[in-house]
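Note sheet for the following structure.
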Amino acid sequence: MRSVRVHLGERSYSISIGRGALGRLGQAAKRFFPGGRALVVTDRNVAPILGERVLRALGRGGCDASLCAVPAGERSKSLAQLSKLFDRLAALRIERGCGVVALGGGVVGDLAGFAAAAYLRGLPYIQVPTSLLALVDSAVGGKTAVDHKAGKNLIGAFYQPAAVIADVAALRTLPERHYRAGLAEVVKHAAIADPRLFSFLEKNAARVRRREAGVMERVVALNCRIKARVVEADEREAGVRETLNFGHTLGHAVEMLAGYSSSLYHGEAVAIGMAAAARLSVSAGKCGAPDAERLVALLERFGLPVALRKPPATAALRSALARDKKTRKGMPKFVLMDRIGSVTTGLEVPPSGWRAALAGGAPPAGGGS
Numbered sequence: 284m285r286s287v288r289v290h291l292g293e294r295s296y297s298i299s300i301g302r303g304a305l306g307r308l309g310q311a312a313k314r315f316f317p318g319g320r321a322l323v324v325t326d327r328n329v330a331p332i333l334g335e336r337v338l339r340a341l342g343r344g345g346c347d348a349s350l351c352a353v354p355a356g357e358r359s360k361s362l363a364q365l366s367k368l369f370d371r372l373a374a375l376r377i378e379r380g381c382g383v384v385a386l387g388g389g390v391v392g393d394l395a396g397f398a399a400a401a402y403l404r405g406l407p408y409i410q411v412p413t414s415l416l417a418l419v420d421s422a423v424g425g426k427t428a429v430d431h432k433a434g435k436n437l438i439g440a441f442y443q444p445a446a447v448i449a450d451v452a453a454l455r456t457l458p459e460r461h462y463r464a465g466l467a468e469v470v471k472h473a474a475i476a477d478p479r480l481f482s483f484l485e486k487n488a489a490r491v492r493r494r495e496a497g498v499m500e501r502v503v504a505l506n507c508r509i510k511a512r513v514v515e516a517d518e519r520e521a522g523v524r525e526t527l528n529f530g531h532t533l534g535h536a537v538e539m540l541a542g543y544s545s546s547l548y549h550g551e552a553v554a555i556g557m558a559a560a561a562r563l564s565v566s567a568g569k570c571g572a573p574d575a576e577r578l579v580a581l582l583e584r585f586g587l588p589v590a591l592r593k594p595p596a597t598a599a600l601r602s603a604l605a606r607d608k609k610t611r612k613g614m615p616k617f618v619l620m621d622r623i624g625s626v627t628t629g630l631e632v633p634p635s636g637w638r639a640a641l642a643g644g645a646p647p648a649g650g651g652s
């Protein structure tokens with residue numbers, strides 16, 4: 284069992300990582316939910332696999348818990364589903380000292396975390412991530428949100444969990460495509476902050492694809508340490524935390540234009556966005572072609588898409604990017620690669636290069652500023 288501490292003063296918390304980590308949930312609930320009651324928010328895919336097990340674990344910690352399963356998928360990150368969670372919390376007479384457990388992937392974590400942040404002006408909540416994307420990224424850092432028709436994650440709050448219980452055994456339950464999508468965030472962390480992790484992934488790509496428990500426990504722990512250090516330095520995304528948006532500027536745009544549908548998972552959109560950002564980095568003179576090629580090659584080894592056959596029109600991309608949270612004074616800001624393990628934030632990239640980068644071609648030279 285591994286442990287990573289996120290140091291944020293009175294908001295500090297620990298991430299328990301390993302096979303069997305779920306066994307620690309009851310103890311965590313006993314500590315953080317002194318009121319003895321909780322609402323477990325999950326989705327309809329995870330509920331039949333882990334729902335009863337989680338309820339029993341909470342019961343062993345003296346916590347009387349109820350289960351609420353929302354439809355699986357990005358569309359559950361909505362104001363409508365948030366309102367239903369508030370209704371359920373009210374019906375259960377959840378009080379301060381009671382809590383929320385987010386059992387699932389990034390959608391559930393974002394939705395349940397925001398409900399916890401808002402209900403009674405803040406309930407303690409525990410993240411129990413079950414997807415790879417949530418294990419290595421979204422469950423750590425306290426970013427909670429729902430989507431709006433005007434854009435992704437526009438309504439939310441920075442609200443840290445009381446604890447994160449990261450049981451890597453859950454990875455065995457994931458469909459292959461979901462697992463691959465989560466690998467995009469693993470590659471992202473290595474690309475922005477850890478060249479040694481990047482090399483480890485290159486050398487052990489087959490073992491990662493096979494989900495070998497020992498390898499994945501190490502990978503998850505390394506990713507959580509990277510995320511923790513970034514969050515500690517910049518909890519509210521005022522500076523260095525923007526490095527975590529590598530691949531997300533164009534990635535979010537194409538995801539939004541795809542209608543947040545099953546035709547394009549979030550991790551797949553991020554992979555496409557990272558590959559496009561790498562190409563833009565080369566054209567801007569920020570990064571050497573060999574490093575960009577290594578990034579694209581690793582994404583491909585993990586079975587992730589790196590380009591779009593028919594990228595959206597520039598006008599559509601411009602409209603989508605205008606709604607992005609990272610846009611300032613109407614101009615989207617990009618994160619570009621300097622080299623494997625280092626990126627630069629807050630850069631403007633001319634629209635003339637966006638479609639070519641998404642299509643897998645070489646954008647016009649001199650594209651960054």
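Going by the numbering used here, the sequence shown wraps up at 652, each residue one higher than the last. Cβ coordinates follow ideal geometry from the N, Cα and C atoms, glycine included.
> Is the beta carbon of A560 less than 9 Å from the beta carbon of V618?
Replying inline: Taking C-beta atoms as the reference points, A560 and V618 count as a pair closer than 9 Å.
> Taking buried to mean at least 16 other C-beta atoms within 10 Å of its own C-beta, is A467 buried or exposed?
Replying inline: Taking all protein chains shown into account, A467 has 16 or more neighbouring C-beta atoms within 10 Å of its C-beta and is therefore buried.
> What are the start and end residues of the alpha helix (DSSP H) that includes F585?
Replying inline: Per DSSP, F585 lies in no alpha helix (DSSP H) and is assigned neither H nor E.
> What whole-angstrom Cβ distance do R336 and G309 have, given they're in contact under 8 Å?
Replying inline: About 11 Å separates the two Cβ atoms, so there is no contact after all.
>> Among V589, G542, M614, whose alpha-carbon lies nearest the alpha-carbon of R463?
In response: Considering only V589, G542, M614, the residue with the shortest C-alpha distance to R463 is V589.
> If you draw a straight line from the C-alpha of V391 to the C-alpha of I475, how long is it?
Replying inline: Straight-line Cα distance between these residues: approximately 26 Å.
> From R358 to V537, what distance separates their C-alpha atoms?
Replying inline: Approximately 16 Å between the Cα atoms of the pair.
>> I need the straight-line Cα distance from V632 to P478, nearest angstrom please.
In response: Counting only the Cα atoms, P478 lies some 25 Å from V632.
> Do A312 and G345 have their C-beta atoms closer together than 9 Å?
Replying inline: Judged by beta-carbon spacing, G345 lies within the 9 Å limit of A312, meaning their Cβ atoms are closer than that value.
> How many Å lie between I389 and P634 at the Cα?
Replying inline: The residue you asked about is not Ile; residue 389 is Gly in the sequence shown. For G389 and P634, the distance between alpha carbons rounds to 30 Å.
> Of the residues R501, R493, D430, which one's Cα is nearest the Cα of F483?
Replying inline: Looking from the CA of F483, the closest CA among R501, R493, D430 belongs to R501.
> What did DSSP end up calling N328 once you bin it into helix, strand or coil?
Replying inline: Three-state result, N328: coil.
>> For K616 and G636, I'd like the C-alpha separation in whole angstroms.
In response: If you take the alpha carbons of K616 and G636, they lie about 14 Å apart.
>> Please classify K593 as buried or exposed, where buried requires at least 16 other C-beta atoms within 10 Å of its C-beta.
In response: K593 should be labelled exposed.
>> Is it buried or exposed, S652, if we count other Cβ atoms within 10 angstroms and call 16 or more buried?
In response: For S652, the predicted structure reports a pLDDT of 45, less than 50, and the residue's modelled location is therefore unreliable. A value from the coordinates is still provided. Exposed, because fewer than 16 other Cβ atoms sit within 10 Å of the Cβ of S652.
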